[in-house]
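The structure appears below as structure tokens.
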Amino acid sequence: MSDPNVPLLSDLHDQLDAATKRGRAAGELDSALGDQAVLVFGTPPRAASLSDPTDRRAFLARAGALSLAIPGIGAALTACGPQQGSRDTAKPKEHDEEEHAERAQTAPHRNSDSKLDSAVLRDRQHHGSSATRDATQGAQGAVYRRYDPTLPPRAGSRVQLHWHARDTPVRISDDTVVAGWTFEGDIPGPIVHCRVGDTIEFTLTNDAVVPHSMDFHAAQIDPKVAFRSVPQGQSVSYTFKPKWAGVFMYHCGTAPVLMHIGSGMFGAIVVSPAEPLSAAKEFVLVQSEMYLAEAANGVRAFDYQKMLQTTPDMVVFNGRPNQYVKDPIRVKVGDRVRFWVADAGPTHPCQFHVVGEQFDTVYLGSPPANSIRGVQTFSVPAGGGMCFELLCDIAGEFPFVNHGFGHGQKGAIGFLDVEP
Ligand SMILES: [Cu+2]
């Protein structure tokens, strides 16, 4: 039975509403937020009665502090307006106090990340668009290339990656070229394959005009240092050892993150478990959404305002609409197929399903643990990754789809051809 003294999460909305109607200024709520506040999951302490205004404010403050408590999330949630922008994540800690004072005096929704980071939104010429000079130049000459979904072999226990962030036009279909912000010139960036405990030595050099960064979801590392933004011509390096198996997204974490992921700066790293899984044909699918402006000079830029509206023009696997319809993934009868499915978003999940087949195993977390059996469809959240296995014991052409068909219809579909 529920305890009447314990506030329910479902009441929070009403409480907030009522507080606002009583004239509580947004600024006052904001000023109650502090970096010391901690988000409490589950039921708050019994002493915190929401009927007491003081306790209610403390509770709201704790809940509201989510964006401050998780580095990067603050930037993602609040960085968005053209006039916003303030804090450089690379600044040393001693500046924090004055930054907080400065923040308290200004608009509640200002960007908690870097001035440089938001440059693209303040730039009048490219206001909220990926159409930089390098991203658009030579668009006519951009050649279509199928993105190979095959999981590459593991490179060894020490993986050295030196990647470049660069703007370049990318042809995603016969008639569409996009103004890409990329890792290594493609959308998605390269597939990385390693094993739990391997050492990844990573360097990002920024060749692009806008600052960029790299956030590996497979790393446990201080994001303020490792995932910091670097301006054009500079590099950031860090090393990590993945602790968990799975498929993990990587992405540029520069504010506004929505703009950078939405313009192509993402990809996947597959971390195989220490104990090998059963032999299989392994493929990597990264779903992403595309929000595109009308073509100008033969290239379509990614459009930040459309990203905010969250109705994509295309939803795609590995950066191209319907590419595996035109050129399917081919296996043989008797093969076990393992799909490592990551969802780069930036916003929508992938309800992954194979028509005419069933997954004998889906790993919800780190394989080989956390498996469930006999699954028709499972949702991979934006920013998440999951491992799907099926045994191909029947020949045929099996569509794999995002079964959220409003999105599947926009390009997140392909064929798995099982040949006799
Ligand atoms: Cu970026």
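Residue numbering for the sequence shown follows my numbering, beginning at 1087 and increasing consecutively. We put the beta carbon where it would ideally sit given N, CA and C, even for glycine. Since we're looking at a predicted model, the values are computed, not measured.
Length at least 3, wholly inside the segment 1253 to 1303: the beta strand (DSSP E) runs in chain order | 1262 to 1269, 1278 to 1281 and 1285 to 1292
For ligand 1, which residues count as neighbours when the test is a C-beta closer than 5 angstroms to any heavy atom?
-> His1298, Cys1338, Thr1340, His1346 and Met1351
What distance in whole Å lies between the Cβ atoms of Pro1506 and Val1419, which are believed to be in contact at a cut-off of 8 angstroms?
-> Contact flag correct, Cβ pair sits at about 6 angstroms.
Fully enclosed by the segment 1428 to 1481, which beta strand (DSSP E) runs are 3 residues long or longer?
-> 1436 to 1440, 1445 to 1449, 1457 to 1461, 1463 to 1466 and 1471 to 1477
Counting only the same chain and skipping the five closest in sequence on each side, list residues whose C-beta sits under 6 angstroms from that of Ala1312.
-> Tyr1324
When burial is assigned at 16 or more other CB atoms within 10 Å of the CB, is Glu1361 buried or exposed?
-> Answer is exposed; the Cβ neighbour count stays below 16.
Which residue's Cα is closest to the Cα of Gln1409: Glu1380, Gly1497 and Ser1457?
-> Gly1497
Do the CB positions of Tyr1377 and Ser1215 come within less than 8 angstroms of each other?
-> no
Provide the residue span of the beta strand (DSSP E) that contains Gln1373, from first to last.
-> Lys1367 to Met1376
Roughly how many angstroms lie between the CA atoms of Met1400 and Ser1349, to the nearest whole one?
-> Going by the C-alpha atoms only, they are around 13 angstroms apart.
Thinking C-alpha only, which one of Pro1255, Val1229 and Leu1247 is nearest Ala1382?
-> Pro1255
Assess, as a yes-or-no matter, whether the segment 1430 to 1441 is touched by the segment 1296 to 1305 under the definition of 3 or more beta carbon pairs within less than 8 angstroms.
-> The segment 1296 to 1305, when compared against the segment 1430 to 1441, does not touch it at the 8 angstroms Cβ threshold.
Which class does Val1229 belong to by DSSP, given the choice of helix, strand or coil?
-> Assignment of Val1229 by DSSP, reduced to helix, strand and coil, places it in the coil class.
Can you tell me the Cα-Cα spacing of Glu1380 and Met1393, whole angstroms?
-> 14 angstroms
Residue burial classification, Val1263 (beta-carbon count within 10 angstroms, cutoff 16) = Counting Cβ neighbours within 10 Å, Val1263 comes out buried, since at least 16 surround it.
Delimiting residues of the alpha helix (DSSP H) encompassing Ala1221 = Arg1219 to Thr1222
Please determine if the segment 1280 to 1287 and the segment 1314 to 1330 are in contact, where contact requires at least 3 C-beta pairs separated by less than 8 angstroms.
-> yes
Which of helix, strand or coil DSSP assigns to Ala1176 | Low local confidence applies: a pLDDT of 33 at Ala1176 is under 50, so the model's placement there is unreliable, and no value is given.
Which one of His1250, Trp1249, Arg1422 and Thr1268 has the shortest CA to CA distance from Arg1257?
-> Thr1268
For Val1487, does the count of other Cβ atoms within 10 angstroms reach 16, so buried, or fall short, so exposed?
-> buried
CA-to-CA distance, Gln1320 to Ala1341, given in whole angstroms = So the alpha carbons of these two residues sit roughly 17 angstroms apart.
Go to His1337, then tell me how far its alpha helix (DSSP H) extends in each direction, as first and last residue.
-> Segment Gly1332 to His1337 is the beta strand (DSSP E) holding His1337; no alpha helix (DSSP H) there.
Taking Phe1352 and Ala1430 to be in contact with their CB atoms under 8 angstroms, please state how far apart those CB atoms are, rounded to whole angstroms.
-> 4 angstroms
Proximal residues to Glu1114 (C-beta, below 8 angstroms), its chain only, five neighbours per side dropped = With a pLDDT of 34 at Glu1114, under the threshold of 50, the modelled position of this residue cannot be trusted; read the value that follows with caution. Contacts found: none.
Give the range of the alpha helix (DSSP H) segment to which Lys1392 is assigned.
-> Tyr1390 to Gln1395
Candidates Asp1253, Pro1274 and Arg1231, of which the one nearest Val1427 by Cα = Pro1274
Mark Gly1471 as exposed unless 16 or more other C-beta atoms lie within 10 angstroms of its C-beta, in which case mark it buried.
-> buried
Does the separation of the CB atoms of Phe1501 and Val1411 fall below 8 angstroms?
-> yes
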